[in-house]
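The block underneath contains the structure these notes are about, expressed in structure tokens.
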Amino acid sequence: MKYLRHFSIPLIILIFVKLIFISGFFAKLERGSQDGLFNIRGKQPLSDDIVIISVDDETFNALDITWPFPREYHAKLIENLNRAGARLIVFDIEFTETTQLEQDGLLAQVAAEHQNVVFAGKIAEGRGGASHQQLYTPIAPIINHNLSWGLVNLGADIDGVMRKYALFHKFDKEPHYTIGITALANSRNYDQQWSKQIKIDGGKLIVRDKQIPLHNQNEALINYFGPAHYFPTHSYSSILDDGTIALPGQQGVETNDFEDILAAGVLKDKIVLVGAYANDLHDYFPTPFSGKAQMPGVEIHANFLEMVLQNKYLSHLNSWLVLLLELILVFALWFIFKKLKPLWGVILLVILGVAHFIIAYQLFVRAGIIAPIIQFLVLFILIYLAGLIRHYLESQKEKRFIRNAFQQYMAPELVSKLLNDPKSLKYGGSLQEVTVLFSDIRGFTTYSEKYKPEETVQILKEYLTAMVNTITANEGIVDKFMGDAIMALFGTPVKLDNSALNACKTALMMRERLSELQTKWRKEGREGLEIGIGINTGSAVVGNLGSEQIFDYTAIGDNINLGARLETINTQYDTQNHIIISEFTLEKVKDQVETRYLDEVKVKGKDKPVKIYELISLK
5 MKYLRHFSIP LIILIFVKLI FISGFFAKLE RGSQDGLFNI RGKQPLSDDI
55 VIISVDDETF NALDITWPFP REYHAKLIEN LNRAGARLIV FDIEFTETTQ
105 LEQDGLLAQV AAEHQNVVFA GKIAEGRGGA SHQQLYTPIA PIINHNLSWG
155 LVNLGADIDG VMRKYALFHK FDKEPHYTIG ITALANSRNY DQQWSKQIKI
205 DGGKLIVRDK QIPLHNQNEA LINYFGPAHY FPTHSYSSIL DDGTIALPGQ
255 QGVETNDFED ILAAGVLKDK IVLVGAYAND LHDYFPTPFS GKAQMPGVEI
305 HANFLEMVLQ NKYLSHLNSW LVLLLELILV FALWFIFKKL KPLWGVILLV
355 ILGVAHFIIA YQLFVRAGII APIIQFLVLF ILIYLAGLIR HYLESQKEKR
405 FIRNAFQQYM APELVSKLLN DPKSLKYGGS LQEVTVLFSD IRGFTTYSEK
455 YKPEETVQIL KEYLTAMVNT ITANEGIVDK FMGDAIMALF GTPVKLDNSA
505 LNACKTALMM RERLSELQTK WRKEGREGLE IGIGINTGSA VVGNLGSEQI
555 FDYTAIGDNI NLGARLETIN TQYDTQNHII ISEFTLEKVK DQVETRYLDE
605 VKVKGKDKPV KIYELISLK
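Right, dumping it as structure tokens:
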């Protein structure tokens, strides 16, 4: 049962952590910590394959018109981009509504001539909400020319941050791919049957020679290469500005920006994305990299394409592997924290937190693996706190045990000191210097026969109570009662400055208390009692010397036996106080007590006879 409890607590903690993360309680913190990895890593080198054409404020100023632009402008843009050698043109601009038939036809015709343009569609909610979605395809002329198109729907997390890229959406049970996938399928050879080359196999979406790891069945995690405005960008108006089209916003100024771009060759063999940058077009989104600065939607598509082109994918650490690591750590830390003091536990907790973040960062940078950060930190903290609670409860239990075991036989001050060092009471013994005091009532058996049992018990109770109070008052402990005999120890379990002196004081005070009791008993018509006391000081094996189940704090050894013998030989000598101490005790108190030499006795365990003395009084 004990072992089951040890294993169940860390398991319960792990289950609790899993449940609170599944519930989303710490999801915001977890997402934030993972977003931080992008910012710490910083910008990453680009492949030089992608260029963005931005419909920016400069464009609106140059064209001096409102949105949406006439489609002849887009047709002109396609022509000039092809003049500049663009490999593929991807519009993050929707052409889902008809305008003038002539202009719609012109746009489709120009795109059909060049066969390297990807248009945009979308899926939007109808009047019935998410359950009544509507598919908006590009205008009929584009569809009629079998031109490639993809959806522009992005996949935001619950907090609105764009961490995932939707690879496809299903409408009427058919997959419709996003412009990023459409662009990849047509990036080398424009193929009207491109969608047939896409398949899902082994948790990956395969597009030509690219294998994109799937997340949530139809998404991919985006590996952002930098913050907003990181990709090479040219204004939409600069591509139109080739000297053949009048730009109302630049009247009176002769410009030909496109010729400079053409001469520089910056668009040759590039995948060119066209999208909104102007604030009024409201196409900005938060990303892990953006912080407070949001990113144009077209750059999110660009980051996805860059990730695939460089084969630098992201994936979450396998959930089963996470669970296995957590199981190992939760049990290991549970037993490690048990061995550590709270301060060392805090130090280990900090080291674990820092080490885990470093490992998570290295996995992210080197392998593109996103490992849980906050989840592990919460687990570490809860295990530590549970260990603290366990340590507190066990220490309180230990203190209650010590208090219950000693409070009746030891002074409260000693019990308090002992509570600060409970390790001294663990099973087993150690060699310590102690002073032992034995006392015994002379002829108690004969004495007890003169009284009724209840009277005998009352007399013995009064006597033992007085003696125990005297022992504990002098910082001694009652080791045990042996019938009417008492064994007391001084200098353990709490070490005293002079245990021998405390024992001598106790013996003299016991005689005084006995004298008071004898006066009382005589007044009650009872006979008095007489006791003998023996005291010895020396090394003994002291500790919890019972079984592992039954606590028995005691002392054993030749020096303990000598103390018992000194008590018994009191009757052989004409002593006034009936207190005999050994030469070893006298050596400790010779300047503080009055004694009388009695004899030398041969005792077991001693090579030489031991000198014994009668203790008369304190000096």
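All residue numbers for the sequence shown refer to our numbering, where the first residue is 5 and numbers rise by one.
Each residue gets a CB set at the ideal place from its N, CA and C atoms; glycine is no exception.
Contacts around residue i, its chain only, beta-carbon distance under 6 Å, and the 5 residues preceding and following it disregarded
{"i": "residue 380", "result": "360"}
{"i": "residue 160", "result": "166"}
{"i": "residue 559", "result": "438, 493, 544 and 546"}
{"i": "residue 436", "result": "496 and 546"}
{"i": "residue 491", "result": "442, 483 and 484"}
Beta-carbon gap between residue i and residue j smaller than 9 Å
{"i": "residue 578", "j": "residue 608", "result": "no"}
{"i": "residue 302", "j": "residue 278", "result": "yes"}
{"i": "residue 383", "j": "residue 21", "result": "yes"}
{"i": "residue 292", "j": "residue 548", "result": "no"}
{"i": "residue 218", "j": "residue 207", "result": "yes"}
{"i": "residue 444", "j": "residue 585", "result": "no"}
{"i": "residue 517", "j": "residue 470", "result": "yes"}
{"i": "residue 111", "j": "residue 146", "result": "yes"}
{"i": "residue 23", "j": "residue 331", "result": "no"}
{"i": "residue 281", "j": "residue 61", "result": "yes"}
{"i": "residue 85", "j": "residue 251", "result": "no"}
{"i": "residue 664", "j": "residue 114", "result": "Residue 664 lies beyond the residue range present for the chain, which begins at 5 and ends at 623; the question has no answer from this structure."}
Endpoints, alpha helix (DSSP H) assigned at residue i
{"i": "residue 311", "result": "301-313"}
{"i": "residue 514", "result": "503-527"}
{"i": "residue 613", "result": "First-last for residue 613: undefined, no H or E at that position."}
{"i": "residue 36", "result": "31-45"}
{"i": "residue 80", "result": "75-87"}
{"i": "residue 470", "result": "457-477"}
{"i": "residue 316", "result": "It is not in any alpha helix (DSSP H) - residue 316 carries neither H nor E in the DSSP assignment."}
{"i": "residue 371", "result": "Unbroken run through residue 371: none, as it is neither H nor E."}
{"i": "residue 4", "result": "The chain is shown only over 5 to 623; residue 4 falls outside these bounds and no answer can be derived."}
{"i": "residue 353", "result": "346-366"}
{"i": "residue 270", "result": "No alpha helix (DSSP H) contains residue 270, which DSSP labels as neither H nor E."}
Exposure of residue i, with buried meaning 16 or more beta-carbon neighbours within 10 Å
{"i": "residue 92", "result": "buried"}
{"i": "residue 256", "result": "Unreliable placement is indicated for residue 256, whose pLDDT of 48 sits below 50; no coordinate value is reported for it."}
{"i": "residue 358", "result": "exposed"}
{"i": "residue 495", "result": "buried"}
{"i": "residue 324", "result": "exposed"}
{"i": "residue 592", "result": "buried"}
{"i": "residue 12", "result": "exposed"}
{"i": "residue 486", "result": "exposed"}
{"i": "residue 297", "result": "exposed"}
{"i": "residue 223", "result": "buried"}
{"i": "residue 244", "result": "buried"}
{"i": "residue 142", "result": "buried"}
{"i": "residue 185", "result": "buried"}
{"i": "residue 150", "result": "exposed"}
{"i": "residue 346", "result": "exposed"}
Own chain partners of residue i with C-beta closer than 7 Å, once the 5 adjacent residues on each side are dropped
{"i": "residue 378", "result": "30, 33, 34 and 37"}
{"i": "residue 466", "result": "521"}
{"i": "residue 596", "result": "505, 622 and 623"}
{"i": "residue 613", "result": "604, 605 and 606"}
{"i": "residue 76", "result": "107 and 110"}
{"i": "residue 239", "result": "58, 60, 62 and 63"}
Cutoff 8 Å; reference residue i; Cβ partners in own chain excluding five residues on either side
{"i": "residue 306", "result": "54, 56, 235 and 277"}
{"i": "residue 157", "result": "126, 127, 170, 173 and 182"}
{"i": "residue 356", "result": "337 and 384"}
Neighbour flag for residue i against chain D, beta carbons, 9 Å
{"i": "residue 465", "result": "The displayed structure is made up of one protein chain only, and chain D is not part of it."}
Near the ligand SAH: residue i beta-carbon under 8 Å from a heavy atom
{"i": "residue 362", "result": "For the ligand SAH, the structure offers nothing, since it holds no ligand at all."}
Residue interval of the beta strand (DSSP E) (run including residue i)
{"i": "residue 237", "result": "237-239"}
{"i": "residue 494", "result": "489-494"}
{"i": "residue 179", "result": "178-181"}
{"i": "residue 153", "result": "152-155"}
{"i": "residue 217", "result": "214-217"}
{"i": "residue 4", "result": "Here the chain comprises residues numbered 5 to 623, so residue 4 is not present and cannot be evaluated."}
{"i": "residue 173", "result": "172-175"}
{"i": "residue 628", "result": "Given that the chain is displayed from residue 5 to residue 623, the structure contains no residue 628 and the question cannot be resolved."}
{"i": "residue 210", "result": "208-211"}
Would you list, in sequence order, the uninterrupted alpha helix (DSSP H) runs of no fewer than 4 residues that lie entirely inside the stretch 549-604? Here the runs fully enclosed are 562-572 and 587-593.
What alpha helix (DSSP H) runs, 4 residues minimum, are completely inside the stretch 83-122? 105-118
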